[in-house]
Structures are given as C-alpha cells and as structure tokens.
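Participant: So that we are looking at the same thing, I have put the structure below in structure tokens.
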Amino acid sequence: MARAGRVVDGTLGHRTRRSGLSRGIRHASPRERGTDAASWETPRRLMVGASHLTATVPTTTPLDRSPLMIPRRRAALALATTSFAALGLAACSTADQPAEPSDEASTPESPATSDAGATGSSEYADGTYTADGSYTSPGGQETITVTVTLADGVIEDVEVTNPETTNPNSLRYQGEFIDGIAAEVVGVPLDDVSVDRVGGSSLTSGGFEDALQTIRDEAAG
Numbered sequence: 128m129a130r131a132g133r134v135v136d137g138t139l140g141h142r143t144r145r146s147g148l149s150r151g152i153r154h155a156s157p158r159e160r161g162t163d164a165a166s167w168e169t170p171r172r173l174m175v176g177a178s179h180l181t182a183t184v185p186t187t188t189p190l191d192r193s194p195l196m197i198p199r200r201r202a203a204l205a206l207a208t209t210s211f212a213a214l215g216l217a218a219c220s221t222a223d224q225p226a227e228p229s230d231e232a233s234t235p236e237s238p239a240t241s242d243a244g245a246t247g248s249s250e251y252a253d254g255t256y257t258a259d260g261s262y263t264s265p266g267g268q269e270t271i272t273v274t275v276t277l278a279d280g281v282i283e284d285v286e287v288t289n290p291e292t293t294n295p296n297s298l299r300y301q302g303e304f305i306d307g308i309a310a311e312v313v314g315v316p317l318d319d320v321s322v323d324r325v326g327g328s329s330l331t332s333g334g335f336e337d338a339l340q341t342i343r344d345e346a347a348g
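So the number in the working numbering is just where the residue sits in the sequence shown, counting from 1, plus 127.
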C-alpha cells in the first residue's frame, strides 16, 4: 500500500515522486498507441514547475524525409539538370554551325559554247589552193585536180576535176566521187579531213588525199 503523495509504477517496479499536477496521469505503452517501439526515443524529463515528470515522447520520421526517398529525389533532380544542360548545348551547337553554301552559289557557270562552226588551225593561211593528186587504177595511172578554199583552217568549198581521164570506168567512178565529196569535207578543219570511200569509188580517194597533202604544205608555208 503506497503512502499519500506516492504511487508505485507497476511497469518499472520502483516508486516515483509525483506532484499534485501529475496525479492520475497514466502513460500509454507503445503497444496501446499502435506505434512501433523502435520509433520511441529515450524518455525525456520535462520540467513542470518545481516537479519532475517522466514521459515518453514518440518521434517518427515523415515519409517524405525518409533516407530512402532523399537519394531518389536528388537523383531525379540531377537527371533533369543534365537533360536541360544537354538540350542547351545542342541548341548552341546548332546555332553556331555555319550554313552550308548551296550548290548553285558555289558552282560557277560554264561559259556558253558557240556552235557557229568548227575551229581549224591558225597555222593555215586563208585562201584558195589547187593541187593535183595521182592514184593507180586497173586501167593505169590516174590524176585528178583538187581545189580547196580555206578560212581559219576550215574548208569552205571544194572542187574536183578530171581533165586528163579517158577511161570509161575511171570516168564513172571519178564522177561518183566528185558528186559526193563536198558533203564529206565542207565545214571540216583541214587537219581533220580523212576520206576513204565516197559513193562507189575507193581508189579516187587516194588521189584526193594526195592532192590535199600538197595543199596543206602550201597553206602552211
């Protein structure tokens, strides 16, 4: 039986001196409060006037300040900061990159090419030149006369005659050559002319080339 002004603590098994203000106060156990015993701190002594009151104050850690939540929040913040920095660098790189010149601006225009006519060699003097050319046919030695008019090394006109030919076959083939030679050489530079066969005549071409070489030598001199 406790004396007046004293009470026996049934939990700890010792008596605690209490003031009149603390009478009738009973401290709930952690089980009664529904709180884990690990969340309770060491009892703290609270001063009430001149008396001492022993109480157990629960302290809990808020969920938003949990040690596990803080690293996650910091990691998310660091990731967001890194993403914004990368976007900023990409924007600066794009803005600083010089624009590539277009192909139209960098490609010079090629000068227009004139199709007025072929250009011959300037080594030949302009004028009209005449030379004889010889070749051998089945009927014997044959001769033709070639007249060429040059301008800037290009043949502007050509004429072929056969005043000395008497053989009928030679006259026929030479006639075919004379009728078709102008279409082969007019407008062609003198150095580019090379005749193998005109019409049905191939042997007369040899006499024409012989006369043309004489004309080249004369026009170049």
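Quick reminder that beta carbons are idealized off the backbone N, C-alpha and C, glycines included. All values derive from a computational prediction rather than experimental measurement.
Going by alpha carbons, who is nearest to Gly334 out of Tyr300, Val281, Asp318?
Facilitator: Locating residue 334 in the sequence shown gives position 207, where the first residue counts as 1. The shortest Cα separation from Gly334 among Tyr300, Val281, Asp318 belongs to Tyr300.
Participant: Would DSSP call Val312 helix, strand or coil?
Facilitator: Position 185 of the sequence shown, counted from the start, is the residue given in the question as residue 312. In this structure, Val312 counts as helix in the three-state DSSP scheme.
Participant: Would you call the CB atoms of Asn296 and Gly266 closer than 8 Å?
Facilitator: Locating residue 296 in the sequence shown gives position 169, where the first residue counts as 1. Locating residue 266 in the sequence shown gives position 139, where the first residue counts as 1. In contact: Asn296 and Gly266 (Cβ atoms closer than 8 Å).
Participant: Whose C-beta lies closer than 8 Å to the C-beta of Arg324 among residues of the same chain, with five residues either side of it excluded?
Facilitator: In the sequence shown, residue 324 corresponds to position 197, counting from 1. Cβ within range, chain order: Ser332.
Participant: Which stretch, first to last residue, makes up the alpha helix (DSSP H) that contains Asp344?
Facilitator: Walking along the sequence shown from the start, residue 344 turns up at place 217. First-last of the alpha helix (DSSP H) with Asp344: 330-347.
Participant: If you measure between the beta carbons of Leu277 and Tyr256, is that distance less than 8 Å?
Facilitator: Taking the first residue of the sequence shown as position 1, residue 277 is located at position 150. Taking the first residue of the sequence shown as position 1, residue 256 is located at position 129. Against a cut-off of 8 Å, the Cβ pair of Tyr256 and Leu277 comes out as a contact.
Participant: Does the beta-carbon of Glu311 have 16 or more other beta-carbons within 10 angstroms, so that it is buried, or is it exposed?
Facilitator: Taking the sequence shown and counting its residues from 1, one reaches residue 311 at position 184. The residue is buried, with at least 16 neighbouring Cβ atoms inside 10 Å.
Participant: Where does the unbroken beta strand (DSSP E) through Tyr251 begin, and where does it stop?
Facilitator: Numbered from 1 along the sequence shown, position 124 holds the residue referred to as residue 251. No beta strand (DSSP E) holds Tyr251; DSSP gives it neither H nor E.
Participant: Count the other C-beta atoms from every protein chain shown that fall within 10 angstroms of the C-beta of Gly260, then say buried if there are 16 or more, exposed otherwise.
Facilitator: Residue 260 sits at position 133 when you count from the first residue of the sequence shown. Gly260 is buried by the Cβ-count criterion.
Participant: Output needed for Thr274: all residues of its chain with C-beta closer than 6 Å, excluding positions within five of it in sequence on either side, in chain order.
Facilitator: Mapped onto the sequence shown, residue 274 falls at position 147. Contacts found: Thr257, Glu286.
Participant: Can you grab the Cα-Cα spacing for the pair Ile271 / Asn289, in whole Å?
Facilitator: Translated into positions along the sequence shown, residue 271 becomes position 144. Translated into positions along the sequence shown, residue 289 becomes position 162. Approximately 5 Å between the Cα atoms of the pair.
Participant: Around the Cβ of Glu269, are there at least 16 other Cβ atoms within 10 angstroms (buried) or fewer (exposed)?
Facilitator: In the sequence shown, residue 269 corresponds to position 142, counting from 1. So Glu269 ends up on the buried side.
Participant: Among Leu330, Ala347, Leu317, which one has its Cα closest to the Cα of Ile305?
Facilitator: Here residue 305 corresponds to residue number 178 of the sequence shown, with the count starting at 1. Ranking Leu330, Ala347, Leu317 by Cα distance to Ile305 puts Leu330 first.
Participant: Within its chain, find whatever has a CB closer than 7 Å to the CB of Thr292; leave out the 5 residues flanking it on each side and keep chain order.
Facilitator: For the purposes of this step, residue 292 is taken as the residue at position 165 of the sequence shown. Glu269, Leu298, Gln301, listed in sequence order.
Participant: Expressed to the nearest angstrom, what Euclidean distance is found between the alpha-carbon atoms of Thr341 and Leu317?
Facilitator: Position 214 of the sequence shown, counted from the first residue, corresponds to residue 341. Position 190 of the sequence shown, counted from the first residue, corresponds to residue 317. The alpha-carbon atoms of Thr341 and Leu317 are separated by roughly 12 Å.
Participant: Taking its Cβ as the centre, do 16 or more other Cβ atoms sit within 10 Å of Ala252, making it buried, or is it exposed?
Facilitator: The sequence position of residue 252 within the sequence shown is 125, counting from 1. Answer is exposed; the Cβ neighbour count stays below 16.
Participant: What residue ranges within the stretch 265-327 form continuous alpha helix (DSSP H) runs of no fewer than 4 residues, ordered along the chain?
Facilitator: Segments of the alpha helix (DSSP H) lying fully in the stretch 265-327: 295-312.
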